[in-house]
Each structure stands twice: as C-alpha cells, then as structure tokens.
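First up is the structure itself, then whatever we jot down about it.
There are 2 protein chains.
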Amino acid sequence: MSTIRDVASRAGVAISTVSAVINRSAPTSAAVVARVEQAIAEIGYMPQRAAQTLRSGRSRLIGLIIPDIANPHFATVARVVESVCLRAGYMTFIYNTDEDSDHEMQILKMMRMQRVAGLILISTRSDAKHGARLMAEIGVPTVLMGSHVGGTPFDIITLDDVRAGRLAMGRLLDLGHRRIAAMAGRSGVSTNEERLEGCRLAFADRGLAFGDVEIVLANFSEERAFDETRRLLSRKQRPTAIVSLSNLMTIGVMRAFVAERLESPRDVSIVGIDDFEWAEIMNPQPTTIAQPIVEMTEAAITRLLDQIKTGHKPSGRRLCFEPRLVVRASCGAPA
Amino acid sequence: MSTIRDVASRAGVAISTVSAVINRSAPTSAAVVARVEQAIAEIGYMPQRAAQTLRSGRSRLIGLIIPDIANPHFATVARVVESVCLRAGYMTFIYNTDEDSDHEMQILKMMRMQRVAGLILISTRSDAKHGARLMAEIGVPTVLMGSHVGGTPFDIITLDDVRAGRLAMGRLLDLGHRRIAAMAGRSGVSTNEERLEGCRLAFADRGLAFGDVEIVLANFSEERAFDETRRLLSRKQRPTAIVSLSNLMTIGVMRAFVAERLESPRDVSIVGIDDFEWAEIMNPQPTTIAQPIVEMTEAAITRLLDQIKTGHKPSGRRLCFEPRLVVRASCGAPA
DNA sequence: GTGAAAGCGCTAACAG
DNA sequence: CTGTTAGCGCTTTCAC
Numbered sequence: 001m002s003t004i005r006d007v008a009s010r011a012g013v014a015i016s017t018v019s020a021v022i023n024r025s026a027p028t029s030a031a032v033v034a035r036v037e038q039a040i041a042e043i044g045y046m047p048q049r050a051a052q053t054l055r056s057g058r059s060r061l062i063g064l065i066i067p068d069i070a071n072p073h074f075a076t077v078a079r080v081v082e083s084v085c086l087r088a089g090y091m092t093f094i095y096n097t098d099e100d101s102d103h104e105m106q107i108l109k110m111m112r113m114q115r116v117a118g119l120i121l122i123s124t125r126s127d128a129k130h131g132a133r134l135m136a137e138i139g140v141p142t143v144l145m146g147s148h149v150g151g152t153p154f155d156i157i158t159l160d161d162v163r164a165g166r167l168a169m170g171r172l173l174d175l176g177h178r179r180i181a182a183m184a185g186r187s188g189v190s191t192n193e194e195r196l197e198g199c200r201l202a203f204a205d206r207g208l209a210f211g212d213v214e215i216v217l218a219n220f221s222e223e224r225a226f227d228e229t230r231r232l233l234s235r236k237q238r239p240t241a242i243v244s245l246s247n248l249m250t251i252g253v254m255r256a257f258v259a260e261r262l263e264s265p266r267d268v269s270i271v272g273i274d275d276f277e278w279a280e281i282m283n284p285q286p287t288t289i290a291q292p293i294v295e296m297t298e299a300a301i302t303r304l305l306d307q308i309k310t311g312h313k314p315s316g317r318r319l320c321f322e323p324r325l326v327v328r329a330s331c332g333a334p335a
Numbered sequence: 001m002s003t004i005r006d007v008a009s010r011a012g013v014a015i016s017t018v019s020a021v022i023n024r025s026a027p028t029s030a031a032v033v034a035r036v037e038q039a040i041a042e043i044g045y046m047p048q049r050a051a052q053t054l055r056s057g058r059s060r061l062i063g064l065i066i067p068d069i070a071n072p073h074f075a076t077v078a079r080v081v082e083s084v085c086l087r088a089g090y091m092t093f094i095y096n097t098d099e100d101s102d103h104e105m106q107i108l109k110m111m112r113m114q115r116v117a118g119l120i121l122i123s124t125r126s127d128a129k130h131g132a133r134l135m136a137e138i139g140v141p142t143v144l145m146g147s148h149v150g151g152t153p154f155d156i157i158t159l160d161d162v163r164a165g166r167l168a169m170g171r172l173l174d175l176g177h178r179r180i181a182a183m184a185g186r187s188g189v190s191t192n193e194e195r196l197e198g199c200r201l202a203f204a205d206r207g208l209a210f211g212d213v214e215i216v217l218a219n220f221s222e223e224r225a226f227d228e229t230r231r232l233l234s235r236k237q238r239p240t241a242i243v244s245l246s247n248l249m250t251i252g253v254m255r256a257f258v259a260e261r262l263e264s265p266r267d268v269s270i271v272g273i274d275d276f277e278w279a280e281i282m283n284p285q286p287t288t289i290a291q292p293i294v295e296m297t298e299a300a301i302t303r304l305l306d307q308i309k310t311g312h313k314p315s316g317r318r319l320c321f322e323p324r325l326v327v328r329a330s331c332g333a334p335a
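Order-wise, the sequence lines are chains A and B.
Per my numbering, numbering through the first sequence is continuous, rising by one, with the last residue being 335.
Per my numbering, numbering through the second sequence is continuous, rising by one, with the last residue being 335.
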C-alpha cells in the first residue's frame, strides 16, 4: 500500500503539496495539481483514512441510527443517507436500536469510538432524562428524525404526526366506525404520543367522545401487533376497525386477520400510518397515511452536513412534513 | 476526550499496561486489570479507533457489499452480519452495488481506504475478468455470497441454485404448464445462470424440450420485471405461468398481474425463487423457493472472522445450502 | 510553492 | 509487570 511520500517523490513535489492537492487546503498551481493527480493515478494511491482522522481529528464518517433496517421505511432512509453522504465524501455507519434505548446508548458509544463527524438519530424515547443521557454521550453535530427528544438542542425532522393520526382515525370515523382499536407503539416517544393525540382530535373534531377506543401498546413490533390483534378479534364485541400507528404493526394486524380468517374490509377495517411500496399486491390493499420519506431524509442529511461543514449550532427547530391519506381497499363501512 | 495516558496515570500503571489490559495482549494480574478497568470507567475512556488502526495496521471494520439494502432478503443478511460482527468487536460498513459492477468497484475502493479487515461480497458478475479486477482491488480476507467469481480464491456461500431452479420450474411442469416464461436476472452472474440451468434440467428430468420457454432478462429489478411481464401478458398467446428467479422480480411480476387485471392462479401462475416474510398477506400468496438466509449468512461471517483471526488462506470451497419449496396459492393448473 | 518537523493516540518491542 | 521508545501516515505549521 503506497503512502503520500511515494506520491510526493513520484510527482517530484513536497509531501505537504500532495496533502494540499488532496484536501484543496492550500493554493496550488494547475500544473502541480496535474502532476500530483497523475502520480496518484499511476501508483493507485489512496489516503489512509485512519491517519487522516487521527491527525486532523475529523473523521468523514456519519452514523445513522434507526430502529430496524429490515423495516422498508428505514431501508429507504438508509439508502438516501448513504447516497447523499457518499457524494459529500462521507461514509456511513448504519445501526439498529431494535426500539431498545439501552441498545441505542451502546451504539452511540461505538459511534464515539469511531469519532463520527455527525449523527442522524431516530431515538427510542422523547423524555428529558433520555435527552440528558444522549447529551452526555453525543459530542458531535446531530439531527433527530422521527421523534424529538426533550432537553436536546438538535434540529428535528418529523412528519406532522398529530395530523397523521387525525387523518387516519378521521377516515374510520367518517366511514361510520365507532368501536375502534388503536395499535400503538410505545409510550414516551413522541411519534407514538402525537399520533395518538391526533386520533383523539379526530373524535373531538366530530364532537365524539374518545372513551371507547382501546389503545394497545405493541412497541412498533409486527409480532406483538399480531398477537394483540388476535386477542382483540377473538372477543365477543370485537372492534369494527383498527388504526395502526406504524407500518410493521399494520402488517402484524393484517396477518392476524388471515390467522383469524377475517376478511378486510368486510369483517374489519384497517388504516395504517406509513405507506407500503408494494401495497398493490397486498391483501387487502391497505388504506394508509403516507409520508414523504425521501424528502424528509434529504432535509435531515442536508442540515447535518451543513452543521458539520460550517460548525454552526443547530437551530433546534422542528421541521414537520405533511402526511397524505392514500385510500385503498382496506377500509369500508362497519357491518 | 481522554486518552490512554489519562487512564494510565489515573490507575497508576504504565501506558503499556493499559494497552495490554484493553487488548489482552500480555499477561496482567487480576488486581491491575481491575484498577485499569475502574479508571477507564471513571474517566469514560474509549480507545480511539483511528489510532489503533493506524498503529496496528488492523481496523476492526468489516465491509458488507450487497445489491440493495431495500431488498428484504439483503436486509436480513445485513442484520445477521452486523450482530455477529458486533459480538466479535467489529463494526460493519454496508454498501449497495445496485447490480452495477462499476459501482461495485468504487465501493471496493472505499473499503480499501478504510482498510477494512475483511469483506463479505455479493458480486455482480462471475466472469474471470471481473475476478481479476476484484483481485487487484481487494487485499483482505473475503467471503463471497450468492454468486461465485471466476479467478478468485475466496470461499463461497450460496444456495444450491441449480436445484432451486429445478424445484421452481418442476413445480409448474408438474401442474401441467408448458407455455412458461422465465423472468431472469442478468447473464454473466452465476446466481442467474445456475437457476436457469435448473429450469432446463426440470424439463430434461421429465423428458421435455426446453425450447418453448421464453427467457426475459430483467436485471433482478422489480421495475423491469413489471414492464417485461406486462409485455408478455399482452400477447395473444400469453404464457400460462411465470417463474421468477429472484424476489424483487417476483414482486414486479405480481404487480403486473394487477395492472393487467389478471388473477393468479386462475389466469396465470407464478413461482418465485426467494421467499417472503409477509407472504401471508400477499395477493396471491406466492409459491416460492425459500433459502436459509440466516444460516447462510452465519456461515459466511464465521468463515470470514476465522480467516481474519487465524490468517489462514481461504479454502476456496463452495458451500451450497438446500432450497426448499414452499407451496402456497399462486400456482394452479393451466386454464 | 518547498522542505523540515511536530505530533495526533495508539501498539509493540525491549530492557529492567 | 514498568517505563521508555519508535513510529504507523497523515495534516499542519513554519521558515524559506
């Protein structure tokens, strides 16, 4: 593996000049740049990241912390982050919290060891205590996605989650459903709380009481949503509709329909927050609340790279994106 | 950020002793280990990876190169690789080739800059010319998954792809189909060639001629499979069944059924290689050939870590896993 | 633009 | 086990 010295001697220039050419960190004449670049190409030289990082204290590494890469929603996020980062000369570490905040902290620790230049974090909790732990562990520019975290100064990119819940529940109410169950995620995380709040507001909007809605916590997990839905559906007075607050849970709910041999929307309706790329070939084709994932992710990574480059403090502002109701086949009037 | 010197002075030991404790690279008494570990905890010390890497020449980094993380199949691979690596003290870079071999080479270059300790590579081509390019770019232990590459000495973990094709096509033939189309990936990659060969053998097994099968290349892409299927189905003499050689293409085919208002299996049957976790809620529930992804990935990462640790040369052997036919609703007798 | 030199934090080798 | 030392490859500074 060749070093910067090899390039310098081959190009007949000083080692510091090679560094200047590579990093555009000092003015260099076109002729010198050409000579150096040719030498680099001939030798096949590649700067050693570890040495650059050690010496400069800056790492060209971005950390992306998401709940689960096997969730298509976050896979999209990952694709966007990686490709934008790559164009900016950063590589990306992608790690999964599995919705576990201890795990989240461990990942943060690893990110610190790597001296990542910045983080995009979809956090597991929104409370200030968690925020304090985060602040103790994170020492680099960070953008929060999906949920906010109390006591942190970071920029936040989310859906308008209240509106998402309102749209979802509103759809069911407008179809005439009143005995509705909500498959919720986990308390203490804003994504969940705000979507639930939206559900409540949908009732209020129509002058209805929210009291009858059964809220089930499934930790955003498909498996738990499956189990909980089976439980709900095996009751004598089963709900006529279910609103699911995120995509994996929607799948769990739909699998429970199959297991219970219930047809949707005939026997039970379902509306889910988060859309599916493959909705066309799902059974039933689900009515969903879609979010502009790509735009949201681009906003997050743009802000992050900007903060890294300029060294500016985060604005601490929250940028909310608009959810959109996608009507498909899974919701009908109650039987 | 504290350094190893801070730990040493706090624990009242030599800097080299701290290093020995961290890396278990020299015998240390239990008492000293305890003192050092306490000091580490008190200060919140974390070794700086860049310095370790630079000095030792070894990086505790693994590269995983896959076609597309948004493909659930590879998302599973990524999850397994990351979690096994983490337990072994390695972090993972995950990058996507998008089935483009130039892109594959660029990623390899980045991996070299990072001095990754090893690679798991799902390559885009199997020819020896590509193998030569790979050998020029890769200087670290590597395990190939999914496809083999000529002219490389690496261990290989794959499905028994011939058998997978044989099972898939055999299923259709046994149901009586004769006018069958094969949605194939890309020529020049063993995954594709061997699965196709399996399709041929399924005919031969039954004393039938393969001639009538139309093979369509869709580059493993959902979008292209969708377009090609629409084209196939709009003919006067349309196929009665389609075999899809990988999962995203199966989805593309199924979406084309919806677009063409065709019902499966009534109007056309489909069998796909690669199973779906959410097959229950797909329409139709697809008959597939499943592969033991988790076991295959564990085998790959185990081999890789072993080669990294021992420094042994790869055996160059190919480990084939057994495919399994999963019968669901999407295949019936021809109309 | 050059050339020399310091030093980032760590590992590894060695003499005590 | 300690303490010292060299040096991984690079960036950065400084005098020229």
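The beta-carbon is built from N, C-alpha and C at its ideal position, and this holds for glycine as well.
Everything numeric in this text was worked out from a predicted model, so none of it was measured.
Close-in-space but distant-in-sequence residues of the same chain around residue i (CB under 8 Å, 5 per side omitted)
{"i": "residue 139 of chain A", "result": "112"}
{"i": "residue 317 of chain B", "result": "155 and 156"}
{"i": "residue 116 of chain B", "result": "59, 61, 62, 63, 93 and 140"}
{"i": "residue 306 of chain B", "result": "312"}
{"i": "residue 279 of chain A", "result": "285, 286, 288, 326 and 328"}
{"i": "residue 315 of chain A", "result": "155"}
Cβ separation of residue i and residue j, assumed to be a contact under 8 Å, to the nearest whole Å
{"i": "residue 149 of chain A", "j": "residue 300 of chain A", "result": "So it is not a contact: roughly 14 Å between Cβ atoms."}
{"i": "residue 65 of chain B", "j": "residue 78 of chain B", "result": "Wrong, their Cβ atoms sit about 11 Å apart, outside the cutoff."}
{"i": "residue 165 of chain B", "j": "residue 333 of chain B", "result": "Contact doesn't hold; Cβ gap of about 21 Å is too wide."}
{"i": "residue 92 of chain A", "j": "residue 62 of chain A", "result": "5 Å"}
{"i": "residue 239 of chain A", "j": "residue 289 of chain A", "result": "Their Cβ separation, rounded to whole angstroms, is 19 Å, which puts residue 239 of chain A and residue 289 of chain A out of contact at 8 Å."}
{"i": "residue 161 of chain B", "j": "residue 190 of chain B", "result": "7 Å"}
Between the CA atoms of residue j and residue i - distance to the nearest angstrom
{"i": "residue 158 of chain A", "j": "residue 58 of chain A", "result": "28 Å"}
{"i": "residue 246 of chain B", "j": "residue 286 of chain B", "result": "12 Å"}
{"i": "residue 198 of chain B", "j": "residue 272 of chain A", "result": "41 Å"}
{"i": "residue 236 of chain A", "j": "residue 243 of chain A", "result": "19 Å"}
{"i": "residue 303 of chain B", "j": "residue 262 of chain B", "result": "46 Å"}
{"i": "residue 218 of chain B", "j": "residue 54 of chain B", "result": "44 Å"}
{"i": "residue 32 of chain B", "j": "residue 276 of chain A", "result": "56 Å"}
{"i": "residue 24 of chain A", "j": "residue 274 of chain B", "result": "48 Å"}
{"i": "residue 210 of chain A", "j": "residue 202 of chain A", "result": "9 Å"}
{"i": "residue 292 of chain B", "j": "residue 7 of chain B", "result": "46 Å"}
{"i": "residue 252 of chain A", "j": "residue 223 of chain A", "result": "6 Å"}
{"i": "residue 87 of chain B", "j": "residue 52 of chain B", "result": "19 Å"}
{"i": "residue 266 of chain B", "j": "residue 335 of chain B", "result": "7 Å"}
{"i": "residue 258 of chain A", "j": "residue 270 of chain A", "result": "13 Å"}
{"i": "residue 101 of chain A", "j": "residue 13 of chain B", "result": "35 Å"}
{"i": "residue 248 of chain A", "j": "residue 71 of chain A", "result": "7 Å"}
{"i": "residue 135 of chain A", "j": "residue 151 of chain A", "result": "8 Å"}
{"i": "residue 260 of chain B", "j": "residue 250 of chain A", "result": "27 Å"}
{"i": "residue 322 of chain B", "j": "residue 74 of chain A", "result": "31 Å"}
Host beta strand (DSSP E) of residue i (start-end)
{"i": "residue 96 of chain B", "result": "91–96"}
{"i": "residue 272 of chain A", "result": "269–273"}
{"i": "residue 157 of chain B", "result": "155–159"}
{"i": "residue 290 of chain B", "result": "287–290"}
{"i": "residue 63 of chain A", "result": "61–66"}
{"i": "residue 243 of chain A", "result": "241–244"}
Residues near residue i in its chain [Cβ-Cβ closer than 7 Å; skip 5 each side]
{"i": "residue 256 of chain A", "result": "226, 229, 230 and 233"}
{"i": "residue 84 of chain A", "result": "298 and 301"}
Alpha helix (DSSP H) segment containing residue i, residue limits
{"i": "residue 320 of chain A", "result": "Where residue 320 of chain A is concerned, there is no enclosing alpha helix (DSSP H), although the beta strand (DSSP E) it sits in stretches over 318–321."}
{"i": "residue 324 of chain B", "result": "Taken as a continuous stretch (DSSP letters only), residue 324 of chain B belongs to no alpha helix (DSSP H), being part of the beta strand (DSSP E) at 324–326."}
{"i": "residue 86 of chain A", "result": "72–87"}
{"i": "residue 101 of chain B", "result": "101–113"}
{"i": "residue 20 of chain B", "result": "15–23"}
{"i": "residue 40 of chain A", "result": "30–43"}
{"i": "residue 306 of chain B", "result": "293–310"}
{"i": "residue 227 of chain A", "result": "222–233"}
Identity of the residues DSSP links to residue i by a beta bridge
{"i": "residue 3 of chain A", "result": "Paired residues: none, contrary to the question."}
{"i": "residue 214 of chain B", "result": "B:181"}
{"i": "residue 142 of chain B", "result": "B:119"}
{"i": "residue 282 of chain B", "result": "A:282"}
Cβ neighbours of residue i in the same chain (closer than 6 Å, five flanking residues each side left out)
{"i": "residue 170 of chain A", "result": "202"}
{"i": "residue 90 of chain B", "result": "60 and 62"}
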